[in-house]
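Enquirer: In the UniProt record's numbering, the protein residues as written are 1 to 196.
Before I ask anything, let me first share the structure, which is written out below as structure tokens.
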Amino acid sequence: MARLKEFDEDSALDAAVDCFWSRGYEATSVRDLAREMGIGGASLYNTFGGKRALFERVLERYANRSTRERIARLEANHRPREAIRAFLAEVIERSLKDSDCKGCLLVNSALDVAPHDPQLGRAVTGYLEEIRSFFQRAVEAANKAGETPPGTDANALSIHLLGVLMGMRVLARTGARRQTLEAVVRPALDLLGRPH
Numbered sequence: 001m002a003r004l005k006e007f008d009e010d011s012a013l014d015a016a017v018d019c020f021w022s023r024g025y026e027a028t029s030v031r032d033l034a035r036e037m038g039i040g041g042a043s044l045y046n047t048f049g050g051k052r053a054l055f056e057r058v059l060e061r062y063a064n065r066s067t068r069e070r071i072a073r074l075e076a077n078h079r080p081r082e083a084i085r086a087f088l089a090e091v092i093e094r095s096l097k098d099s100d101c102k103g104c105l106l107v108n109s110a111l112d113v114a115p116h117d118p119q120l121g122r123a124v125t126g127y128l129e130e131i132r133s134f135f136q137r138a139v140e141a142a143n144k145a146g147e148t149p150p151g152t153d154a155n156a157l158s159i160h161l162l163g164v165l166m167g168m169r170v171l172a173r174t175g176a177r178r179q180t181l182e183a184v185v186r187p188a189l190d191l192l193g194r195p196h
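As structure tokens, this is what we get:
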């Protein structure tokens with residue numbers, strides 16, 4: 001008869017998110033993970049397949065609970081241009097409340113993991129592309145509604161907005177203040193046109 005799992009997988013996965021997020025992929029050992037998750041090393045391997053496979057699950061969970069949730073909520077509740085403004089405003093607020101300066105797990109992974117692991121790099125790129133696609137959809141819809149300056153290139157602006165987001169999240173890790181983060185965002189928002 002198979003043994004039942006003696007731990008809550010969702011809670012363990014949340015603990016793994018926190019562990020990787022605070023330490024980074026390379027600096028996190030299997031021992032660190034098992035301790036933070038409250039499970040044994042064998043359970044970690046049996047359930048999650050090891051550190052690398054667990055990290056893939058962690059990235060997916062983080063994307064679902066952070067960026068995907070935010071995008072879905074903002075697209076449902078805001079006009080397109082305002083959804084972009086709200087997205088960036090929420091990131092600023094989250095950054096300022098992050099007393100540990102952990103930043104964004106996806107951005108951290110783009111810097112720390114992606115250059116050394118092509119498969120994980122493709123996964124991180126895919127999550128970042130979801131954010132860029134959100135920006136592009138919003139700009140295209142705002143263009144169609146006549147809410148952006150004439151000739152606004154949705155693709156180019158979406159790439160620019162992603163770059164602004166990445167830069168802002170890196171600056172936030174250094175403890176940048178509100179004034180700095182808002183100054184980074186302001187010129188990008190100006191490209192969208194003034195709010196009515």
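Cβ coordinates follow ideal geometry from the N, Cα and C atoms, glycine included.
1. In three-state terms, what does DSSP make of Ile159?
2. Is the separation between the beta-carbon of Leu74 and that of Ala63 shorter than 7 Å?
3. Are there 16 or more other CB atoms within 10 angstroms of the CB of Arg177, so buried, or fewer, so exposed?
4. For a test of the three-state rule: what should DSSP assign to Leu80, helix, strand or coil?
5. With H, G and I counted as helix, E and B as strand and the rest as coil, what does DSSP make of Tyr25?
6. In or out: Arg31 buried (at least 16 other Cβ within 10 Å) or exposed?
7. Output the distance between the C-alpha atoms of Ala145 and Phe135, rounded to the nearest integer angstrom.
8. DSSP three-state label for Glu109, please.
9. Give every residue of the same chain whose Cβ lies closer than 7 Å to the Cβ of Ala188, excluding the five residues on either side of it in the sequence, and list them in chain order.
10. So, using beta-carbon positions, are Glu140 and Ala156 closer together than 7 Å?
11. Three-state secondary structure (DSSP) at Gly193?
12. Could you say which of Asp190, Glu129, Gly151, Glu147 lies nearest to Met166 if we only look at CA atoms?
13. Rounded to the nearest angstrom, what separates Ser158 and Pro115 at their Cα positions?
14. Considering only the alpha carbon of each residue, which of Ala72, Gly40, Ala16 lies closest to Glu56?
15. Could you tell me the distance, in whole angstroms, from the CA atom of Glu60 to the CA atom of Gln119?
16. Sorted by chain position, which residues of the same chain lie with C-beta nearer than 6 Å to Glu93's C-beta, five sequence neighbours on each side aside?
17. DSSP state of Arg177, grouped into three classes?
18. What span of residues does the alpha helix (DSSP H) with Ile131 cover, start to end?
19. For Glu147, does the count of other Cβ atoms within 10 angstroms reach 16, so buried, or fall short, so exposed?
20. Quick one: give me the first and last residue of the alpha helix (DSSP H) that Phe55 is part of.
21. Cα separation between Asp100 and Pro150?
Expert: Let me lay it out:
1. helix
2. no
3. exposed
4. Residue 80 is actually Pro in this sequence, not Leu. Pro80: helix per DSSP, three-state reduction.
5. coil
6. exposed
7. 15 Å
8. At residue 109 the sequence reads Ser, which differs from the Glu that was named. In this structure, Ser109 counts as helix in the three-state DSSP scheme.
9. His160, Leu161, Val164
10. no
11. coil
12. Glu129
13. 23 Å
14. Ala16
15. 14 Å
16. none
17. coil
18. 118-144
19. buried
20. 51-63
21. 42 Å
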